[in-house]
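A.B. asks: Residue numbers (the working numbering): 164 to 467.
Have a look at this one.
Structure below.
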């Protein structure tokens, strides 16, 4: 497999070669990150890395942690495939996340992740608009003394986060699309990180004649990340109403299979569990469920 630095913004294709693409699990690119110490690395699978976003999975073994702290020049969102995990932010926040829950982490937030369970944990991540700067890992990383934690030696000298973290446990509405779970620009200024539990996802309905549940974990000016839940059919398959997006997008199958139908191109692809489909900006598509149970797909969209 190629080094992570060698495939950035050009996997599985260069930006000028974007096209609707089904990406099988065995085609994902694998790397340890950080690459220089396997004992504190996560097992990283790159699903897509293009000029507008990065989508991947990382794994931590039982009792594991990735270290040192990491940072990105874009927002990062999580969907927990297998948990629980504890996400640590350098500002003293610790988010305990179970399977199916999410996380919003604004650009510039130092972070790492711990697995305190006896099973492997797996996290689907979405970073947009830019995942990495020129240096991987970052050249300058905060020491423990420069971060906040229980009885940290310099806690009293570091910014107090208590008044900067917003309460997100309220009922959302359509007007919250683009502003969930908080105002992203404010979060980027304060560095506040937000775990998004199942009841804190922003619910909406995609379509009216053929409704599909849409649940946002994050939704802001950088991108949108969450779940499509397409119910089973009755007499014949259940389908979503055709849609397209102004930005690049990807679909990751959680419960499937589900068929991705490209309505204008008159092409269709069967997306199996944990496979990924890349949708260039402007591609019209719909999801079709031929199964007897609901399908669940994680969406990652740079611009709706």
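All C-beta atoms in this analysis are idealised placements derived from N, C-alpha and C, irrespective of residue type, glycine included.
From which residue to which residue does the alpha helix (DSSP H) around residue 350 run?
C.D. replies: Taken as a continuous stretch (DSSP letters only), the alpha helix (DSSP H) holding residue 350 covers 347-353.
A.B. asks: Between the region 275-284 and the region 218-231, can you find at least three pairs of beta-carbon atoms closer than 8 Å?
C.D. replies: Because the criterion of three Cβ pairs below 8 Å is met, the region 218-231 and the region 275-284 touch.
A.B. asks: Buried or exposed, going by whether 16 or more other CB atoms sit within 10 Å of the CB of residue 223?
C.D. replies: The residue in question, residue 223, is buried, as its Cβ has 16 or more Cβ neighbours within 10 Å.
A.B. asks: Can you give me the C-alpha to C-alpha distance between residue 347 and residue 398, rounded to a whole angstrom?
C.D. replies: Between residue 347 and residue 398, the C-alpha separation is close to 43 Å.
A.B. asks: What are the start and end residues of each continuous alpha helix (DSSP H) run of 4 or more residues lying completely inside the region 383-420, in chain order?
C.D. replies: Listed in chain order, nothing qualifies, since the region 383-420 has no complete alpha helix (DSSP H) run of 4 or more residues.
A.B. asks: Less than 8 Å between the CB atoms is what I'm expecting for residue 271 and residue 351, so what's the real figure, rounded?
C.D. replies: Going by Cβ atoms, the distance from residue 271 to residue 351 rounds to 7 Å, so yes, they are a contact pair.
A.B. asks: Since residue 378 sits in a beta bridge, which residues does DSSP pair it with?
C.D. replies: DSSP lists 366 and 390 as partners of residue 378.
A.B. asks: Per DSSP, which residues does residue 509 bridge with? Please list them.
C.D. replies: With the chain covering 164 to 467 only, the question about residue 509 has no answer from this structure.
A.B. asks: Kindly give me the distance between the Cβ atoms of residue 332 and residue 363, rounded to whole angstroms, as I take these residues to be in contact under 8 Å.
C.D. replies: At roughly 6 Å, the Cβ-Cβ gap stays under 8 Å, so residue 332 and residue 363 are in contact.
A.B. asks: Have a look at the DSSP bridge pairing and note the partners of residue 343.
C.D. replies: Answer by DSSP bridge pairing, in chain order: 382.
A.B. asks: Where DSSP assigns a beta bridge to residue 288, which residues make up the other side?
C.D. replies: Paired residue(s): 219 and 241.
A.B. asks: Return yes when the Cβ of residue 448 is within less than 8 Å of the Cβ of residue 425, no when it is not.
C.D. replies: Yes. Within cutoff.
A.B. asks: Just the Cα atoms here: how many angstroms apart are residue 262 and residue 329?
C.D. replies: Distance between the alpha carbons of residue 262 and residue 329 is about 23 Å.
A.B. asks: At 3 residues or longer, what runs of the beta strand (DSSP E) sit wholly inside the region 296-324?
C.D. replies: Runs found: none.
A.B. asks: Pull up the distance between the alpha-carbon of residue 409 and that of residue 304, whole angstroms please.
C.D. replies: Whole-angstrom Cα-Cα distance: 36 Å.
A.B. asks: Just list the beta strand (DSSP E) runs in the region 434-459, keeping only unbroken ones of 3 residues or longer that don't cross its boundaries, in chain order.
C.D. replies: Counting only runs of 3 or more, we get 439-442 and 449-452.
A.B. asks: Quick check on residue 169: does DSSP put it in helix, strand or coil?
C.D. replies: The answer is helix: DSSP assigns residue 169 an H, G or I state.
A.B. asks: Give the DSSP-derived three-state secondary structure of residue 209 in the structure shown.
C.D. replies: If DSSP states are grouped into helix, strand and coil, residue 209 belongs with the strands.
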